[in-house]
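K.L.:
Residue numbers for the sequence shown follow our numbering, so the first one is 6 and each next one is one higher.
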Amino acid sequence: MKKFMKITIGMLLTVFMVSNIYIGVDAYATTGYGLPSKHEFLNMVKNDAHYIQYKDKLITAVPKVVNYLRDENNTPYGYIAQFEFEYGYKVNETIQLASLLTFIYDEKKKEIETVVIDYSKAYSDGKIYIRDNIGNVLYSYVLNENDTLKKYLSTLTEEVEELKTMKETTGYESTLANRICWTCTKYENRGDDYDSKCSLLIGTACSFGDKVPIYGRILCAGALIVGCYIPPYKVCVDGYWGDICPETEL
6 MKKFMKITIG MLLTVFMVSN IYIGVDAYAT TGYGLPSKHE FLNMVKNDAH YIQYKDKLIT
66 AVPKVVNYLR DENNTPYGYI AQFEFEYGYK VNETIQLASL LTFIYDEKKK EIETVVIDYS
126 KAYSDGKIYI RDNIGNVLYS YVLNENDTLK KYLSTLTEEV EELKTMKETT GYESTLANRI
186 CWTCTKYENR GDDYDSKCSL LIGTACSFGD KVPIYGRILC AGALIVGCYI PPYKVCVDGY
246 WGDICPETEL
């Protein structure tokens, strides 16, 4: 299976690299594909209602990825952009994982679609969720099905065990029975790794072409794309036990 996955990535990258010898992202303004320029696309994104809705939750205004959308013939027909943002954060959790706010522009439809690649429950549920713009789950992906993410989950587990020890030494033993809520007051940033070769594949067509739903392109080639990304996350390094429970979601 590993060998097959490596061959699949290699083949997709070869096609992508060869095509990019002739076509650059910034060349969209002068190509004959009838697409807006990269700059125009990003302006469309920043005027989109869902971008405005989550603007204050963005970790950075600079997109993590901006790629073409490509059909099965490797012909560009749109764009895809991904921004890291805070989604589903809970102040009583010791690990907060960032997610990907994803905008997809299809020139045929002349509109931008929004999906969220939700990593917020990757540790607690062991799954990554693909959600539509109102939070409905379109697809879920089990971390243990991918070696990279399985290792990532193992790292998080080790950190959680360390944090449990920290909690137990922060007044836990002397805490009254009714003081049951943990509130984190300080986080440290960790993670944030998107393999550069793998990120190039975002937006490439799957073998099923247009039969694959738009969010399926993000999980192209057997969800190898999802396995490339290790989201940034915050680890609680200080906090306190109390009898007043904080709001669960930020």
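All residues carry an ideal CB built from backbone N, CA and C; glycine is no exception.
These figures come from a predicted structure and were not determined experimentally.
1. Between residue 63 and residue 90, is the Cβ-Cβ spacing less than 8 angstroms?
2. For residue 149, which residues in the same chain have their Cβ closer than 8 angstroms to its Cβ, ignoring the five residues on either side in sequence?
3. For residue 59, which residues in the same chain have their Cβ closer than 7 angstroms to its Cβ, ignoring the five residues on either side in sequence?
4. So is residue 190 buried or exposed if we call it buried at 16+ other beta carbons inside 10 Å?
5. Is the beta carbon of residue 108 sitting closer than 8 angstroms to the one on residue 61?
6. Can residue 111 and residue 82 be called in contact, C-beta distance under 8 angstroms?
7. With respect to the beta strand (DSSP E) encompassing residue 47, which residues constitute its N-terminal and C-terminal limits?
8. Determine whether the beta carbon atoms of residue 160 and residue 138 lie at a separation below 8 angstroms.
9. In the structure shown, what three-state DSSP assignment does residue 159 receive?
10. At which residues does the alpha helix (DSSP H) containing residue 56 begin and terminate?
11. Between the Cα of residue 41 and the Cα atoms of 85, 68, 76, which residue gives the shortest distance?
12. Between 77, 102, 70, which has its C-alpha nearest residue 193's C-alpha?
13. Sort 249, 117, 238, 248 by Cα distance to residue 123 and report the nearest one.
14. Residue range of the beta strand (DSSP E) that residue 132 falls in?
15. If you follow the beta strand (DSSP E) that residue 123 is in, where does it begin and where does it stop?
16. Name the DSSP bridge partner or partners of residue 247?
17. Pull up the distance between the alpha-carbon of residue 145 and that of residue 234, whole angstroms please.
18. How many angstroms separate the CA atom of residue 136 from the CA atom of residue 125?
19. Could you tell me the distance, in whole angstroms, from the CA atom of residue 212 to the CA atom of residue 67?
20. On a CA-only basis, which of 77, 43, 152, 133 is nearest residue 236? Give me that one, please.
21. When you compare only the Cα positions, how much space is there between residue 244 and residue 164?
22. With respect to the beta strand (DSSP E) encompassing residue 86, which residues constitute its N-terminal and C-terminal limits?
P.N.:
In brief:
1. yes
2. 131, 155, 158
3. 90, 106
4. exposed
5. no
6. yes
7. No beta strand (DSSP E) contains residue 47, which is instead part of the alpha helix (DSSP H) from 43 to 51.
8. no
9. helix
10. 54 to 59
11. 85
12. 102
13. 238
14. 132 to 136
15. 116 to 123
16. 186
17. 16 angstroms
18. 12 angstroms
19. Below a pLDDT of 50, predicted positions are generally treated as unreliable, and residue 212, at 47, falls in that range; the measurement from the model is reported next regardless. Taking the straight line from one Cα to the other gives about 31 angstroms.
20. 133
21. 16 angstroms
22. 81 to 90
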